[in-house]
Amino acid sequence: MWPTLVVAVLTLAVFLNAALLFSVEPMFSKLALPLLGGTPAVWNTCLVFFQAALLAGYAYAHFSVRLLGPRRQAMLHVALLALSLAALPLQLRTASSPPAGSSSVVWLLILLTRSLGVPFVLLASGAPLAQRWFAASGHVRSSDPYFLYAASNLGSMLALLAYPFLIEPQLPLVAQRMTWSLGYAFAAALVAFSAWLTTRGVSNDSAVSVHPGIPRASSSPTVTTRDRMRWIAYSAVPSSLLMGVTSYISTDVGAITLLWVIPLALYLLTFVLVFAARAPMQHRWMVLAQSQFLVVLPLALFWGVRLPGLTSIALHVGALFIIAMVCHGELARKRPGAEHLTEFFLWIAVGGLAGGVFNALAAPLLFNEIREYPIALIAAAFLRPGPRGGSRLNRTADLLLPAILGITLAIAVSQGGMPLQLGLTLMMLAAGVSLFSFRNRPVRLGLGLAALFAVGHLRATSTVGGTRPVATERSFFGVLRVADGTDGTVRTMRHGTTLHGAQRLAPSKALEPLTYYHRDGPAGDVFSLSAVAALARRRVGIVGLGAGTLACYGRPGERWVFFEIDPLVGKMASDPKLFTFLTRCAPAVRVVFGDARLSLARIPPAAFDILVLDAFSSDAIPVHLLTREALKLYLNALAPGGVIAIHISNHYMEIEPVVAVAARELGLATRIRSDVAITATTQVTTGRAPSEWVVLARAEKDLGRIAAHARWVTPRTRKGVETWTDDFSNVVEILKWR
0 MWPTLVVAVL TLAVFLNAAL LFSVEPMFSK LALPLLGGTP AVWNTCLVFF
50 QAALLAGYAY AHFSVRLLGP RRQAMLHVAL LALSLAALPL QLRTASSPPA
100 GSSSVVWLLI LLTRSLGVPF VLLASGAPLA QRWFAASGHV RSSDPYFLYA
150 ASNLGSMLAL LAYPFLIEPQ LPLVAQRMTW SLGYAFAAAL VAFSAWLTTR
200 GVSNDSAVSV HPGIPRASSS PTVTTRDRMR WIAYSAVPSS LLMGVTSYIS
250 TDVGAITLLW VIPLALYLLT FVLVFAARAP MQHRWMVLAQ SQFLVVLPLA
300 LFWGVRLPGL TSIALHVGAL FIIAMVCHGE LARKRPGAEH LTEFFLWIAV
350 GGLAGGVFNA LAAPLLFNEI REYPIALIAA AFLRPGPRGG SRLNRTADLL
400 LPAILGITLA IAVSQGGMPL QLGLTLMMLA AGVSLFSFRN RPVRLGLGLA
450 ALFAVGHLRA TSTVGGTRPV ATERSFFGVL RVADGTDGTV RTMRHGTTLH
500 GAQRLAPSKA LEPLTYYHRD GPAGDVFSLS AVAALARRRV GIVGLGAGTL
550 ACYGRPGERW VFFEIDPLVG KMASDPKLFT FLTRCAPAVR VVFGDARLSL
600 ARIPPAAFDI LVLDAFSSDA IPVHLLTREA LKLYLNALAP GGVIAIHISN
650 HYMEIEPVVA VAARELGLAT RIRSDVAITA TTQVTTGRAP SEWVVLARAE
700 KDLGRIAAHA RWVTPRTRKG VETWTDDFSN VVEILKWR
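For the record, in the sequence shown the residue sitting at position 724 is 723 according to numbering that gives the first Met the number 0, with numbers rising by one throughout.
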């Protein structure tokens with residue numbers, strides 16, 4: 000019974016430690032999100048902090064055991080856990096966004112360290128310490144304690160999945176923080192009991208118990224530098240892919256918890272599966288499946304194949320899972336004996352942090368485009384198990400065949416003799432067959448992918464594909480692209496895949512509002528049909544600058560203020576070599592940089608007659624701009640008789656009921672116009688794009704002619720959709736699953 004109790008208590012302690020560790024990640028990221036404008040980069044930066052704190056925890060576990068031995072180390076750890084209770088309850092230790100001119104990344108990392116650092120590091124050290132204590136305990140299973148690592152990752156994965164589906168929909172953030180704090184106190188007590196159970200009869204040397212008949216994790220008596228480099232590489236590549244996939248899918252759908260935790264949960268599941276006592280999935284089948292994804296994913300991503308939303312998400316997340324299974328499977332196959340356990344986890348954490356730092360910190364400085372994702376895929380190909388040397392013929396073919404593939408594709412891209420779709424299909428087919436034939440030679444496949452991505456970049460920077468790039472830059476908030484159509488008549492601005500404005504290049508038509516802001520669309524109605532539209536000197540505030548299109552609704556003598564979180568957007572919109580909306584339509588316009596809510600909180604009451612919310616985060620409006628508190632702030636900034644217009648167009652979320660239920664609670668008059676029945680021909684000839692807008696006012700009369708207009712109707716609420724607050728939001732309930 001006693002050995003069974005030891006295993007049960009240790010497993011529960013490790014499981015709970017991990018669950019707390021990974022439930023606090025989405026919770027704290029959600030707390031920080033409003034301060035930085037709801038960008039996916041917030042989550043990636045948080046991941047870097049979590050990986051760094053994980054490394055700190057593993058380093059503490061490794062070196063403290065080496066210096067003190069298991070028993071004294073256990074005493075130290077229990078004392079530190081007791082002291083860390085003074086940091087409870089958990090809270091975000093700041094009240095403002097980053098100061099102007101400061102680095103958002105550095106500011107967020109400092110904030111996370113101050114708010115969460117000590118408890119997180121101690122939780123992170125729990126799994127390796129528990130395994131090390133168990134390894135020295137004399138238990139019959141102590142020579143191979145890696146099953147506890149699987150339990151740890153299972154706790155992490157279940158906590159992550161529980162957050163968007165159970166915790167977030169049911170508990171406001173205040174309750175989440177208090178519940179987590181109570182859980183931390185209980186976990187500290189459980190860890191203390193575990194330490195006593197496993198080390199009560201252990202001396203302070205670090206010997207690992209070995210029982211006859213119990214297999215050790217590895218027969219290798221020493222750890223070499225080559226082993227350490229392999230551990231780093233096999234953990235760095237999946238870590239980089241995790242961030243790449245998360246950024247890719249959340250850029251277009253939105254910076255929401257669900258799209259953060261699913262990739263991370265599957266990433267952790269791979270650790271559970273490969274370190275289980277009996278691996279449920281054979282490694283060779285994972286290696287075979289990986290070769291399929293390393294062919295299909297690059298073709299879909301970098302040759303411009305647009306898949307439906309859920310199909311695209313499944314492809315990228317599936318690739319992450321399979322590639323991580325192979326890399327982490329190699330880690331499990333090459334794991335050392337229990338005496339090197341804490342060092343093994345330390346180097347895994349180093350690799351995880353290296354992948355995270357590359358994506359979140361280095362890549363935005365090194366690349367204007369999202370290059371870190373293809374680099375990680377190429378690295379995954381190089382790390383595949385398989386022959387790397389062999390005969391001179393094979394080594395030559397490893398270099399020559401990818402070069403031939405790249406040259407052939409480059410020539411095909413540069414030729415315009417065949418129809419675009421036919422040429423693209425033939426190129427994709429040829430590339431796919433070639434890459435699949437490379438699958439058993441890691442170097443050949445890696446170089447083949449590098450050639451494919453290089454040609455993909457060539458295609459993206461040429462006029463093939465419908466646009467001619469004019470400018471591409473990258474900031475903390477994503478990649479911003481300005482491009483001209485191949486016919487040279489229209490220039491567009493895009494963030495990710497979402498259009499942020501377009502301008503005709505002909506001088507006589509340059510000041511016509513296009514796309515979502517067309518005069519015949521809902522935006523045109525706001526400036527022509529609302530009660531304040533006829534005011535001689537309107538005061539207009541707009542959250543979200545884009546290309547500055549809305550400025551062309553301005554009239555002489557009016558006061559216009561744009562609120563924009565990304566300085567790069569302001570730089571491009573105000574550059575007359577790129578766009579002239581601001582310089583020609585509203586030369587006196589004021590642009591305020593920073594999070595819009597914080598900026599609006601600092602302005603005098605009743606400052607605007609019209610307040611427009613057009614704050615895209617690619618295809619999504621940041622959640623914190625749609626809460627009850629946010630709407631009250633907008634009303635405070637709105638003059639008597641004024642209107643609020645919210646652009647709610649979205650491919651993946653049904654935002655209408657969220658706005659409708661909040662407006663009803665606040666007693667506001669509302670109307671919605673869904674201007675989506677626009678044919679492709681009409682879009683091309685008029686420049687008008689499908690869009691959906693909601694208008695809110697304090698009274699029906701303030702809506703003006705919009706109130707009775709046939710195109711404007713009362714927005715619908717939906718059963719189960721509640722008012723969002725700064726403390727509660729549930730994005731899952733408004734996702735469009737079709």
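Just so you know, even glycine gets a beta-carbon here, dropped at the ideal spot from N, CA and C.
In this text the structure is predicted, and so the values were computed from the model without any measurement.
Proximity to residue 246 across 259, 236, 235, 237 peaks at 259, based on C-alpha coordinates. Contact check between the stretch 383–401 and the stretch 436–444: three or more CB pairs, one atom from each, fall below 8 Å, which counts as touching. Note that the C-beta distance between residue 726 and residue 173 is below 9 Å. Between residue 571 and residue 532, the gap from beta carbon to beta carbon reaches 9 Å or more. Look at residue 601 here: in three-state DSSP terms it is coil, with no helix or strand label. At a Cβ-Cβ threshold of 9 Å, residue 45 and residue 27 count as neighbours. From the listed residues 701, 639, 676, 650, the smallest Cα separation to residue 669 is found for 701. Nearest in C-alpha terms to residue 486, of all of 192, 683, 179, is 683.
At the C-beta level, residue 358 and residue 472 stay beyond 9 Å of one another. The beta carbon of residue 354 sits closer than 6 Å to the beta carbons of 235, 238, 239 from its chain, once the five residues preceding and following it are set aside; these are given in chain order. Residue 642 sits close to residue 695, with the two beta carbons spaced by under 9 Å. Rounded to whole angstroms, the gap between the alpha carbons of residue 712 and residue 646 is 15 Å. Contact check for residue 613 against residue 549 passes: the beta carbons are separated by less than 9 Å.
Contact between residue 336 and residue 233 is absent: CB atoms are separated by about 18 Å, not below the 8 Å threshold.
Here residue 284 is exposed. Its C-beta has fewer than 16 other C-beta atoms within 10 Å. Straight-line spacing of the CA atoms in residue 299 and residue 656 works out to 34 Å. Taking a C-beta distance under 9 Å as the contact criterion, residue 474 and residue 565 qualify as a contact pair. Residue 692 has 646, 672 as its beta-bridge partners, per DSSP. The stretch 218–297 is shown to contain whole alpha helix (DSSP H) runs of 4 or more residues at 224–252, 256–273, in chain order. Residue 586 sits in coil when the DSSP states are folded into three classes, being neither helix nor strand. If you compare the alpha carbons of 500, 316, 342, 274 with that of residue 227, the shortest gap goes to 342. Of 71, 121, 179, 81, the smallest CA-CA separation from residue 19 is found for 179. Separation of residue 121 and residue 127 (C-alpha to C-alpha, rounded to the nearest whole angstrom) is 11 Å. A contact between stretches requires three or more CB pairs, one per stretch, nearer than 8 Å, and the stretch 77–95 meets this requirement with the stretch 110–120.
Here residue 609 is bridged, per DSSP, to 539, 642.
When secondary structure is reduced to three states using DSSP, residue 592 falls in the strand class. Take residue 184, set aside five residues on each side of it, and the residues of its chain with a beta-carbon closer than 8 Å to its own are 84, 87, in chain order.
Taking the C-beta atoms as reference points, residue 590 is found nearer than 9 Å to residue 569.
According to the DSSP secondary-structure assignment, residue 687 is paired through a beta bridge with 514.
The residues 532, 552, 609, in chain order, have a CB closer than 8 Å to that of residue 526 in the same chain once the five nearest residues on each side in sequence are set aside. In terms of Cα proximity to residue 317, the closest of 295, 332, 686, 449 is 295.
Collapsing the DSSP output to three states places residue 368 in coil.
If you compare the alpha carbons of 637, 580, 491, 563 with that of residue 539, the shortest gap goes to 637. Excluding sequence positions up to five before and after residue 265, its CB lies within less than 7 Å of the CB of 316, 319, 320, all in the same chain and listed in chain order. Residue 658 sits in a helix when the DSSP states are folded into three classes. Residues 503, 504, 505 of the same chain have their beta carbon placed closer than 8 Å to that of residue 488, with the five preceding and five following residues left out of the count.
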